[in-house]
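A.B. asks:
Number of protein chains: 2
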Amino acid sequence: MTKSISANAFPAHEHDHTVCIADALDSAEQHCVAHQLRFTPLRRQVLEIVWSRHAPIGAYEILDELRNESRAAAPPTVYRALEFLVDHGFVHKIESLNAFVGCDRPDSEHVGQFLICGSCHQVGELDDPEIAKLIAKKAKTVGFDVSHQTIEVRGVCSNCAGENHA
Amino acid sequence: MTKSISANAFPAHEHDHTVCIADALDSAEQHCVAHQLRFTPLRRQVLEIVWSRHAPIGAYEILDELRNESRAAAPPTVYRALEFLVDHGFVHKIESLNAFVGCDRPDSEHVGQFLICGSCHQVGELDDPEIAKLIAKKAKTVGFDVSHQTIEVRGVCSNCAGENHA
DNA sequence: ATCCGTAATGTAATATTATAACATAAAATG
DNA sequence: CATTTTATGTTATAATATTACATTACGGAT
Ligand SMILES: [Zn+2]
Ligand SMILES: [Zn+2]
Ligand SMILES: [Zn+2]
Ligand SMILES: [Zn+2]
Chain A
1 MTKSISANAF PAHEHDHTVC IADALDSAEQ HCVAHQLRFT PLRRQVLEIV WSRHAPIGAY
61 EILDELRNES RAAAPPTVYR ALEFLVDHGF VHKIESLNAF VGCDRPDSEH VGQFLICGSC
121 HQVGELDDPE IAKLIAKKAK TVGFDVSHQT IEVRGVCSNC AGENHA
Chain B
1001 MTKSISANAF PAHEHDHTVC IADALDSAEQ HCVAHQLRFT PLRRQVLEIV WSRHAPIGAY
1061 EILDELRNES RAAAPPTVYR ALEFLVDHGF VHKIESLNAF VGCDRPDSEH VGQFLICGSC
1121 HQVGELDDPE IAKLIAKKAK TVGFDVSHQT IEVRGVCSNC AGENHA
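These protein sequence lines map, in sequence, to chains A and B.
Just so you know, my numbering puts 92 at position 92 of the first sequence, and the rest follows in order with no gaps.
Just so you know, my numbering puts 1003 at position 3 of the second sequence, and the rest follows in order with no gaps.
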């Protein structure tokens, strides 16, 4: 089974989310084994919290969750775990929200192109090389050499657009 | 004289920046007159500070400048002026830097596509409708209806790339 | 197994960015 | 000029993020 371009985008409202979480944790674990990274209990716990929904979660909300799960935690606890998870592609930071969202494709090098629904607040990830290439090309025309792209798009997802029955 | 697509991108190091500032203030003033907006002394002062360079400036740095210019100022003073300036397109917020940069094209509706140089920290603005259209189109393929785009690209500008003489 | 060096986490304090709430002043309207 | 609205002043606080240093856990050597 090949994942479509919208693999990480806006799962159906009724989907079995425990599967999303389990898959993401498994995938991260495998990636860590393969790359000699330490997928410590804390990092796993933070990743699980981030994956608790398909919407971005703030660092301090993660902190609260950790404490709920009776783990000693302070801001650096969270930010350090997030740094690891972001560095290795398990989590993306949504800059325009100062919040974090899970990514289930740690292996593929990709710029995250994020679709942020203003209605349900879920975030889908488009991973479209054409967009990345066009931007790099256009930047090049003014002599700019691109190393990283931040793309965050606001709008309304298909789930929410279909709900106009008021 | 027609402005090129890179009008706002990476002016030459030796350019007459007082002209940039004067033009930006004039342009903003004209836009405000035309649209019945109040270009108050505070808003003008903040815009001038933002335009002091072609690199993003943080709100608290603006605050310091205001106080240097012996104006009573507190965070809301700055954030409210910035809100006005951003709302009307005189300034853009760079989300990935929590900082603000001037825009000299308040009239044209545009998504800002920002090129952020990691070397000189200047920011150029690409205003390319093709990029915006491609993103909107790709988002549409997953049923997402785009209302706003945040595009911030890291890399090295042409000025800095040319300076490799170490 | 013990030692050692490194990487991860714990902990306290603080820095940075942003907003809420309410008072005052200035401007637009009639 | 009285009224209403808009902008600004002022104080406090919320929300986000980092620094610095102590402690613990891990991985690789002997
Ligand atoms: Zn799910
Ligand atoms: Zn939605
Ligand atoms: Zn200039
Ligand atoms: Zn540069």
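From the three backbone atoms N, C-alpha and C, an ideal C-beta is built for every residue, glycine too.
Enumerate in chain order the residues of its own chain whose CB-to-CB distance from B/A1166 is below 8 Å, with the five nearest sequence positions on each side excluded.
C.D. replies: The residue given as residue 1166 of chain B occupies position 166 in the second sequence. At B/A1166, the pLDDT of 45 sits below 50, so the modelled position is not reliable and the matter cannot be decided from this model.
A.B. asks: Run through chain A and tell me which residues come within less than 9 Å of B/L1126, C-beta to C-beta.
C.D. replies: For the purposes of this step, residue 1126 of chain B is taken as the residue at position 126 of the second sequence. Correct list: I135, K138, A139, T141, V142 and F144.
A.B. asks: Buried or exposed for B/E1125, going by 16 or more other Cβ atoms inside 10 Å?
C.D. replies: One-based indexing of the second sequence puts residue 1125 of chain B at position 125. Classification of B/E1125: buried, given that the 10 Å Cβ count is 16 or more.
A.B. asks: Of all the residues that make up the stretch 1105 to 1132 of chain B, which are near chain A by a beta-carbon distance shorter than 8 Å?
C.D. replies: Q1113, L1115, C1117, G1118, G1124, L1126, D1128, E1130 and I1131
A.B. asks: Taking A/L97 as the reference, give the member of A/C103, A/Q122 and A/H110 with the closest Cα.
C.D. replies: Here residue 97 of chain A refers to the residue found at position 97 when the first sequence is read from its first residue. Taking only the C-alpha atoms, the option nearest A/L97 is A/Q122.
A.B. asks: Whose C-beta lies closer than 6 Å to the C-beta of A/G112 among residues of the same chain, with five residues either side of it excluded?
C.D. replies: By 1-based counting over the first sequence, the position of residue 112 of chain A is 112. Within the same chain, and ignoring the five residues on either side of A/G112 in sequence, the residues whose Cβ sits closer than 6 Å to its Cβ are H92 and E125.
A.B. asks: Between the C-alpha atoms of A/V153 and B/A1022, what's the straight-line distance to the nearest angstrom?
C.D. replies: Here residue 153 of chain A corresponds to residue number 153 of the first sequence, with the count starting at 1. Here residue 1022 of chain B corresponds to residue number 22 of the second sequence, with the count starting at 1. In this structure, the alpha-carbon of A/V153 lies about 33 Å from that of B/A1022.
A.B. asks: Quick one: which chain B residues come within Cβ less than 8 Å of A/S96?
C.D. replies: Here residue 96 of chain A refers to the residue found at position 96 when the first sequence is read from its first residue. By Cβ distance, chain B contributes E1095 and T1150.
A.B. asks: Tell me which residues pass a beta-carbon proximity test against ligand 1: closer than 5 Å to any heavy atom, given in chain order.
C.D. replies: Any heavy atom of ligand 1 counts here; residues with a Cβ closer than 5 Å to one of them, in chain order, are A/P11, A/H17 and A/C20.
A.B. asks: Report back the beta-carbon spacing between B/D1145 and A/V156 to the nearest angstrom; my notes put them in contact at under 8 Å.
C.D. replies: Indexing the second sequence from 1 puts residue 1145 of chain B at position 145. Indexing the first sequence from 1 puts residue 156 of chain A at position 156. With 8 Å as the limit, B/D1145 and A/V156 qualify as a contact, their Cβ atoms being about 5 Å apart.
A.B. asks: Please decide whether A/F39 counts as near chain B, where near means a Cβ-Cβ distance under 9 Å.
C.D. replies: Indexing the first sequence from 1 puts residue 39 of chain A at position 39. No, no contact with chain B.
A.B. asks: Taking 8 Å as the cut-off, is the beta-carbon of B/H1054 closer than that to any non-hydrogen atom of ligand 3?
C.D. replies: The sequence position of residue 1054 of chain B within the second sequence is 54, counting from 1. Answer for B/H1054: yes, Cβ within range of ligand 3.
A.B. asks: Closer than 8 Å to a non-hydrogen atom of ligand 2 - does that hold for the CB of A/S96?
C.D. replies: To locate residue 96 of chain A, count along the first sequence from 1; it is residue 96. Answer for A/S96: no, Cβ out of range of ligand 2.
A.B. asks: Name, please, each residue of chain A whose Cβ falls closer than 8 Å to the Cβ of B/G1155.
C.D. replies: If you number the second sequence from 1, residue 1155 of chain B lands on position 155. Against chain A, the beta carbon of B/G1155 has neighbours under 8 Å at A139, F144, D145, V146, S147 and H148, listed in chain order.
A.B. asks: Which of helix, strand or coil does DSSP assign to B/R1154?
C.D. replies: What you label residue 1154 of chain B is simply residue 154 of the second sequence in a count that begins at 1. Three-state DSSP puts B/R1154 in a strand.
A.B. asks: Quick check for students: name the residue ranges of the beta strand (DSSP E) that lie wholly in the stretch 65 to 131 of chain A, counting only runs of 3 or more.
C.D. replies: 91 to 94, 99 to 102, 113 to 117 and 123 to 126
A.B. asks: Got a sec: does ligand 2 put a non-hydrogen atom nearer than 8 Å to the Cβ of A/Q122?
C.D. replies: Here the question's residue 122 of chain A lines up with position 122 in the first sequence. Yes; taking the cut-off as 8 Å, the Cβ of A/Q122 has a heavy atom of ligand 2 nearer than that.
A.B. asks: State buried or exposed for A/T141, treating a residue as buried only when at least 16 other CB atoms are found within 10 Å of its CB.
C.D. replies: As a first step, residue 141 of chain A must be located in the first sequence, where it is residue number 141. A/T141 comes out exposed.
A.B. asks: Of the choices B/H1017, B/A1132 and B/R1071, whose alpha-carbon is the least far from that of B/S1052?
C.D. replies: The residue given as residue 1052 of chain B occupies position 52 in the second sequence. Among B/H1017, B/A1132 and B/R1071, the Cα nearest to that of B/S1052 is on B/H1017.
A.B. asks: Classify A/D16 as helix, strand or coil using the three-state DSSP reduction.
C.D. replies: Within the first sequence, residue 16 of chain A is the residue found at index 16, counting from 1. The three-state reading of DSSP puts A/D16 in coil, since its state is none of H, G, I, E or B.
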